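Some notes on the structure that comes next.
In UniProt numbering, the protein residues as written are 1 to 115.
Written out as structure tokens, the structure is:
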């Protein structure tokens, strides 16, 4: 994949992911614990830190971050959570809409928990 020219092959979108919006729920006037509500289910291309870049990312504190490439979908914010097929959760840190007019949104997310 070459980001400079964004010649991205759509066939790389082969990892199913689920994006959840965390919403507070009020029942009978009593606030309840925030619950994740499914916002989007789609296929994505996921890139994590490569082994050769791990030392640099450890120094920068980004070794637990990953990049998720999806087709453009508006409404995604950094208050949402991504879950992958292994039930691993990631908190969205940054959203780059229509990166370089490519038709893709890039989500930068950090690992939250491992079930």
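Just so it is clear, CB atoms sit at the ideal spot from N, CA and C, and this is done for glycine as well.
In this text the structure is predicted, and so the values were computed from the model without any measurement.
What did DSSP end up calling residue 11 once you bin it into helix, strand or coil? In the three-state scheme derived from DSSP, where H, G and I count as helix and E and B as strand, residue 11 is classed as helix.
Between residue 107 and residue 86, what straight-line distance do the alpha-carbon atoms span, to the nearest angstrom? Whole-angstrom Cα-Cα distance: 18 Å.
Less than 9 Å between the C-beta atoms of residue 110 and residue 93, yes or no? At the C-beta level, residue 110 and residue 93 come within 9 Å of one another.
Looking at the unbroken beta strand (DSSP E) that takes in residue 45, where does it start and where does it end? Note, residue 45: beta strand (DSSP E), 35–48.
Measuring CB to CB, does residue 43 end up less than 9 Å from residue 17? Going by C-beta atoms, residue 43 is nearer than 9 Å to residue 17.
Tell me whether residue 26 is buried or exposed, calling it buried when 16 or more other Cβ atoms sit within 10 Å of its Cβ. Answer is exposed; the Cβ neighbour count stays below 16.
Among residues of its own chain, excluding the 5 on either side of residue 38, which ones have a beta-carbon nearer than 7 Å to its beta-carbon? If we look at residue 38 and ignore the five residues flanking it on each side, its Cβ neighbours are 18 and 20.
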